[in-house]
Amino acid sequence: MQQKLAAGNWKMNGLSADLEQLTLLTKAHPSPQCDILICPPAPLLHRAAKAAKGSLIAIGAQDCHANESGAHTGDTSAAMLVDAGASHVILGHSERRQDHGETDPVVRAKSEIARSVGLVTIICVGETLTQRESGQTLDVISQQLAGSLSDDISAQNTIIAYEPVWAIGTGKIPTLDQIGEVHAHMREVLITRFGHEIAEMLTLLYGGSVKPDNAANIFAVAHVDGALVGGASLKAQDFSPIIAALDAS
Ligand code: PGA
134 MQQKLAAGNW KMNGLSADLE QLTLLTKAHP SPQCDILICP PAPLLHRAAK AAKGSLIAIG
194 AQDCHANESG AHTGDTSAAM LVDAGASHVI LGHSERRQDH GETDPVVRAK SEIARSVGLV
254 TIICVGETLT QRESGQTLDV ISQQLAGSLS DDISAQNTII AYEPVWAIGT GKIPTLDQIG
314 EVHAHMREVL ITRFGHEIAE MLTLLYGGSV KPDNAANIFA VAHVDGALVG GASLKAQDFS
374 PIIAALDAS
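Under this note's numbering, residues 134 to 382 are what the sequence shown spells out, in order.
Spelled out as structure tokens, the structure:
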């Protein structure tokens, strides 16, 4: 069985006072069946990890540099993230691909250094609206998986998130059939490349406008093992019903 994961991506939101959301989540979910991950912005990582200590909430980062260390002003290395208390890192989010020109080989290089220091990498893939409308979705997903994943991944160190770019922060979500089609396709592509043993254990997340009122339906789709949640992860009152829906799925 894949490990289920409810992951929250705070993006460029949150100050220290917002870490009380972690306390609220811990109180609401003292013994969750699924894994819970919060990815706050980098300056909050250390405090978030301290706040989450002793709870079942893991703390993750939203990006890392592909190099081990050196002259890269403003960047953060994978080892620094571990030092700050992170156990996971999101890589290749479409906002990074768009805002920072990240390509599949860059995502792959970042993931290799991240895994070398023990981080679990959450690799994001997803089509734009133009790509979907021109019938390229499955090809785009195949290409991104082929380019972003290294040959030596395992289900313990890698998670994949399908995030249609046009569904992120827009309130629009694909139909459940469309989500199911992409997730089944991803599982097939992964089986072909990595074999049944690894591919069937990999956790596959859906991300893009997951909310308390659509989460249960999304989690009922085959091969959806959890969610990567942006806006609705900022407040415990919104994220908590999503965690509960995943636990119940
Ligand atoms: P959203 O973001 O839930 O706000 O649409 C999802 C994501 O970008 O991971």
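The beta-carbon is built from N, C-alpha and C at its ideal position, and this holds for glycine as well. Computed from a prediction, not measured in an experiment: that's the story for all the values here.
What whole-angstrom Cβ distance do A139 and G280 have, given they're in contact under 8 Å? 27 Å between Cβ atoms; not a contact.
Contact defined as beta carbons within less than 8 Å: I believe F372 pairs with G141. What is the distance between those atoms, to the nearest angstrom? Indeed they touch by this definition, with Cβ atoms about 6 Å apart.
Is the separation between the beta-carbon of S381 and that of L335 shorter than 7 Å? Just to set this straight, residue 381 is Ala in the shown sequence, not Ser. Using a Cβ distance threshold of 7 Å, A381 and L335 do not count as a contacting pair.
So what's V250 in DSSP terms, helix, strand or just coil? Per DSSP, reduced to three states, the secondary structure at V250 is coil, with no helix or strand assignment.
To the nearest angstrom, how far is the alpha carbon of A150 from that of L189? Looking at the two C-alpha atoms, the distance is approximately 20 Å.
I'd like to check one pair, K344 with A369: are the Cβ atoms closer than 7 Å? Note that the C-beta distance between A369 and K344 is not below 7 Å.
Is it the case that the CB of S342 approaches a heavy atom of ligand 1 more closely than 6 Å? Flag set: Cβ of S342 near ligand 1.
Select from H318, E235, P163 and P297 the residue whose C-alpha is nearest the C-alpha of H356. Distance from the Cα of H356 is smallest, within the candidate group H318, E235, P163 and P297, for H318.
Please state whether the Cβ-Cβ distance between V240 and L224 is less than 7 Å. Yes, Cβ-Cβ distance for V240 and L224 is below 7 Å.
How should D216 be labelled, buried or exposed, when 16 other C-beta atoms within 10 angstroms of its C-beta is the threshold for buried? Exposed is the call here.
In whole angstroms, what separates the C-alpha of C257 from that of V222? Between the alpha carbons of C257 and V222 lies a gap of roughly 11 Å.
Within a Cβ cutoff of 8 Å, which residues of the same chain sit near I324, ignoring the five residues on either side of it in sequence? The residues are A332 and E333.
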